[in-house]
Structure formats: structure tokens, C-alpha cells
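Be aware that the first sequence starts at 537, since it is given in the numbering used here, and climbs by one per residue. Backbone N, C-alpha and C fix where the C-beta goes; we use that ideal spot for every residue, glycine too.
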Amino acid sequence: MPRVRFAPSPTGYLHIGSARTFIFNWLYARRNSGTMILRIDDTDVERNTQASLDSIFEGLNWLDLGWDEFYRQSERVDLARATAQTILDKGLAYRDFTPAVTDAEDKPRDAATWLFNPGARELSLEESDRRAAAGEPFVLRYRVPRDTVRGVRFNDAVYGPQSKSTADIEDFALLRSNRMPTYHLASCADDSDLRISHIIRGQDHLTNTFKHVLIFEALGVEPPQFAHLPLLIAPDGSKLSKRKHGPVVSVTTYRDGGFLPPAFMNFVCLLGWSPKNDREEMSRQELVDAFSFEGINRSNAVINFSDDDPFDPKAVWLNAEHIRHLPLDELSNQLLPFAQSAGFDVDWGYMRRVTPLIQERIRLLTEVATVADFFFVEHLAPYDPAELIPQKGDREMALAALKKSRAILSEIPFEHQALDSALRAGAAELKVKPGQMFQPVRVAVCGRKNAPPLFETLEVLGRNKTLERIDQAVGMLQ
RNA sequence: GGCGCUAUCGUCUAACGGUUAGGACAGAGCCCUCUCAAGGCUUAAAUACGGGUUCGAUUCCCGUUAGCGCUACCA
537 MPRVRFAPSP TGYLHIGSAR TFIFNWLYAR RNSGTMILRI DDTDVERNTQ
587 ASLDSIFEGL NWLDLGWDEF YRQSERVDLA RATAQTILDK GLAYRDFTPA
637 VTDAEDKPRD AATWLFNPGA RELSLEESDR RAAAGEPFVL RYRVPRDTVR
687 GVRFNDAVYG PQSKSTADIE DFALLRSNRM PTYHLASCAD DSDLRISHII
737 RGQDHLTNTF KHVLIFEALG VEPPQFAHLP LLIAPDGSKL SKRKHGPVVS
787 VTTYRDGGFL PPAFMNFVCL LGWSPKNDRE EMSRQELVDA FSFEGINRSN
837 AVINFSDDDP FDPKAVWLNA EHIRHLPLDE LSNQLLPFAQ SAGFDVDWGY
887 MRRVTPLIQE RIRLLTEVAT VADFFFVEHL APYDPAELIP QKGDREMALA
937 ALKKSRAILS EIPFEHQALD SALRAGAAEL KVKPGQMFQP VRVAVCGRKN
987 APPLFETLEV LGRNKTLERI DQAVGMLQ
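Take a look at the structure:
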């Protein structure tokens, strides 16, 4: 049974790339009857924030995918320290008493590649122990083999066979001088202890993996299977960053923007992965059934947002597809809070009647507020009376159509068939086209030209509001 | 700078040596139609560049270029 983990560090809100990593892990776990583990990698106490942790849970809860086990790295530092000790005892690590370089930029980059601090590796064990016992701060570094150059290898499930020479791997830190484990150490210690079988994570960790392989080797354990995911990047090719791209990369922006969680999931899955059978719209279960490492790409994927629109057009289209295929009761549930938070006084029963009329007319749940507003308000917002005048018609025609409609509508039952035939008959009597008859009425009751089909709209609106609004329109034209 | 990874329409992608290089979104046009949508049809649009290997390269190899990643006592 595979055991996979999603291991975010709480240093910013949950962004779309992290969410996709979670989703791919989740899919793999569900596909293979495995265990999904959520582990908070919070060993960098200075940078962790509660707000960030909240944001991770908020995003994950919205996605509604869940996990089977939960851990916090900060509660497991003893394990990491013991692991460090094991490596030190084996002589595969050493204490480096060189003072920390406060500014990373100070490290010479253009000169020879930095591999280790001079003198530190050669320190005798006795002196190292003595200085440590005396309380002198040190950083514990992995002793990467230097006498014999060899390749460190692993086989990535996505990127294939990988290898890097030890001559190109620096003596990376395991323990900081404040005794806290580094990401590399804590991550490997936990992955080993939690018996993680597959590490599915962003490609930005691909080169880190060589260090991790070295740690697993030192521990004498078989490394997990690695599967690295191509990165999600901005339209200009740059890395998605919270700082540069702002809220467009946050999962909650999609939630608040009116996405359905399964649609969001569908979209991010299609970024860097393909079912290879031209499928686009897929349900959660279909994604689970289709998921495999073979379908994962190796090149980065652009998520196509812009200044005017924070959402990729394909994401919006997919969301519309999911909305169209949602059962009406469920869609009403989803729509109601958006209508209410837009300030409309609407209950579930009424929402449920409006829902079928807007289902194929909205792409985002938020659009309920702009597409169905006239159903919810008591009085229509002011509109241009010229809108009431039909195609190839004039004010007189509009007035005639409205008055005729009013007469008809005050008598017949508000039911689709009756409305249809009566209004069409009225148009014939006036010797105008049906469209010329319908448009003034539509604008009168909706306040605009573009709206759902007229008869269904009238049914939902009811006789009183309809007649009232027609009267109002007649008044505007006179 | 060093090391690693990547490279098919504007974007997401399919084609695991032989296809008129396919699909989707976005764009354009037509049809349907009470408007708007939805739907149907049509259209434009790509193998970064240069060398090999091969009867034959989008596909395999090398180089160039470009992009990204790592190169922290961040993760």
C-alpha cells in the first residue's frame, strides 16, 4: 500500500501549485488504495505564521479531499536530531564552527563553486567534540565524499534516470546552529520514519533529491520512489510568486471567484498531466481512475492569467462545464451563498426556481449576481428606455407591444405553453415579428436585452412583478 | 559562474521512428434561435535552430539557443 505525503511549509497562503501537488498525491493515494498524509514542514520557526497555516487548511477544506494522517514537523524535531546524531556517529557528517553568513548574497557565486568551508571538514573528532561540549555553536554538515568522485543516482518516475556527481554537491547543512533541523534532514527523517513510499512534489526539488538520496544512504534505508512534477509558471515564464503575482495564485481566490472545487481540481490536473485520450471535463472519480505517473509531463505549464482576468480561460470554461452538468438542487446550494453575499434577499426555494434559467448562462458562481439580479430585486435599476425599442421598430411599436402584452398577461395563466402561444398570437395581431413583441417585454422585466428565455423568466417572476414592470416601462416611453 | 531539467499551434496538450502532426481553450465565420447563452459545422494557428543515426525523424544522439530550477544555518 503506497504511503504519500503533502508537506507544505506554512510561510504563505496555499497557492495553486501547492494545491496541485496535494491533488496529485491524493489522486495517487486513492488510485492505489494508499494512505494520504498531511505533514506541516514547519522547522523554520522564524518564517512560520499561523495565518499561513490557516490558509492551508482553508484551501484544503474547500477542495474537500481530506487526508488520513496528520503530522507537524515541529513536534518531531527529536526524531530529526536523533537522525542527525546517527549520521554524525557514522562519520558521515561533521560540525562546522564557521560563523553563519548572514547575507546569502555575500557568498561568492561567480568564483569557484562553494562546496564546504575550509578547515571545517578536517577538524579532528576530539576537537569537534570538545568545542561542541564547550557550547560553541556549529552547523552540522553532510560529509559529501571528496576523495573519490562518484555519481549519486535515482530513478524518477517522471523524469527518468537522474545522476549527479558528488563533486557538484556541496556539504549541505543538516542541523542549524540553533539545533533546529534543516528541511533536508527533517524531510528525510520523517519520510523514513513515516515509511513514505512515494514522494510526489514539485520539480524545484529535483536537484535537492540528490542530497536526500545521500541522507537515505547514510541512514541505511532504501529511498522512496520519487516523482517530480513540472512547475506551474506565469504567462511571462516566471515562477509563480505571491509577491509578484498576488492573489491570482491563491486557492482562495478561485473559491471566492466562484469556482466549483471539482472544476478547479479538473483544471489543475490538466496542467502538467494528461489522460492521453483527449478527455477534458473529468469528475473527481474519473481523475482518480485515470491518474498515473506516465501521464505526467516534464515541461513547465503556463497558467494563463492576465491583468484583466485572474483566471485562465480554460479554467473558466471547465468550470462552466461542471456547472452545466451539476444537478439543479446541488447547483442551487452552491449559488445561494453567492447571491446572498451579493446582497440579495433570496431563499433556497426561489433560488432553485431561478437556477435552471441561469445554469448554462454562467461560467462562475459569482455571475449569479449579474445574470439573475432582476429576479431578486424589488425594483429594477434604471435603464435606458431606448432599449425597449425592438429591432427595426420604433417607440410606437414598443408601446403597442407592451400594452398588448400587458393586456394578455393580466389574463392568461403564467405557464410556459400559454405564455408562448398567447404572446405569439398577440404579435400576429399587431403584425409584428415575435421577436419584436418579446424584446420590449424582456427589457421591461429584466432591465436589459440579454436575459434568459422570456417565458420561463415570466413564470418565475410571476404576474404581479411582470405587470408592474411593464407599467413602469410604458411610463418611461410616454 | 557551476550543476540539473525542459523545448509541438497564443495557452493546455496528443502523437512512445512511418499521421494530411490530432484534441481542447481562446480567436474568426456560418447554422440554430424570442435576446443572451448552450449546441452544431467551418476556419486560421505549432514540431526553437544546426548537425548526425536511419530507407524514413516531432520522436533517438550531439551541439547551439532559450526558459526554468538548485547552488542558504528557506522550504
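>> Along the chain, where does the beta strand (DSSP E) containing GLU605 start, and where does it finish?
In response: 605–608
Checklist entry - Does the distance from the C-beta atom of LEU596 to that of PRO546 stay below 7 Å? => result no
Alpha helix (DSSP H) runs contained entirely in the region 955–983, provided each spans 4 or more residues
970–982
| task | Counting only the same chain and skipping the five closest in sequence on each side, list residues whose C-beta sits under 8 Å from that of ILE559. | result | LEU599, LEU601, MET801, VAL804 and CYS805
Comparing alpha-carbon positions, which option in ILE732, SER774, ASN714 and LEU900 lies nearest ARG789?
According to the sequence as given, residue 789 is Thr; it is not Arg. Answer by Cα proximity: LEU900.
Using only alpha-carbon positions, find the residue among GLY687, SER660, VAL968 and LYS1001 that is nearest to ARG942.
LYS1001
Would you say the region 953–972 touches the region 896–911, given that touching needs at least three Cβ pairs under 8 Å?
no
* Would you tell me roughly how many angstroms separate the C-alpha atoms of ALA878 and ASP792, rounded to the nearest one? => 12 Å
Margin query: Quick check: what's the CA-CA separation for VAL581 versus SER786?
Written below: 23 Å
Cβ-based burial, ARG679 [other Cβ within 10 Å; buried from 16]: buried
For LEU659 and LEU624, which I take to be in contact (beta-carbon distance under 8 Å), what is that distance rounded to the nearest angstrom?
LEU659 to LEU624, Cβ: 13 Å. No contact.
Query raised in the report: In terms of residue numbering, what span does the beta strand (DSSP E) encompassing ASP692 cover?
Result: 687–692
Margin query: Distance check for ARG999 and THR557, CA to CA, integer angstroms please.
Written below: 53 Å
| query | Going by beta carbon distance, what residues of the same chain come within less than 8 Å of ARG575, once the five residues before and after it are set aside? | reply | ARG541, PHE542, ALA543, PHE606, TYR607, ARG608, GLN609, ASP726 and LEU730
Quiz item: Should ASN855 go down as buried or exposed, given a rule of 16 or more other Cβ atoms within 10 Å for buried?
Solution: buried
Could you compute how far the alpha carbon of VAL1010 sits from the alpha carbon of LYS939? 8 Å
Can you round the beta-carbon distance between LEU955 and PHE991 to whole angstroms, since I take them to be within the 8 Å contact cut? 4 Å
- Which whole-angstrom value describes the C-beta separation of PRO766 and GLY808, a residue pair presumed to lie in contact below a C-beta threshold of 8 Å? 4 Å
Next item on the list: In the DSSP assignment, find the alpha helix (DSSP H) that holds LYS780 and state where it starts and stops.
Entry: 778–781
Which class does TYR511 belong to by DSSP, given the choice of helix, strand or coil? Residue 511 lies beyond the stretch modelled for the chain, which goes from 537 to 1014, so this question has no answer here.
### Query
From GLY962 to HIS861, what does the alpha carbon distance come to, in whole angstroms?
36 Å
### ARG567 and VAL824 closer than 7 Å at C-beta
yes
Residues in the same chain with beta-carbon distance under 6 Å from THR579, minus the five sequence neighbours each way, listed in chain order, please.
GLN609, MET716, PRO717 and ALA722
For THR579, three-class secondary structure by DSSP: coil
Query raised in the report: Taking C-beta to C-beta, are LYS812 and GLY831 nearer than 7 Å?
Result: yes
- With distances taken from CA atoms, which of PHE674, SER664 and SER733 is nearest ALA693? SER733
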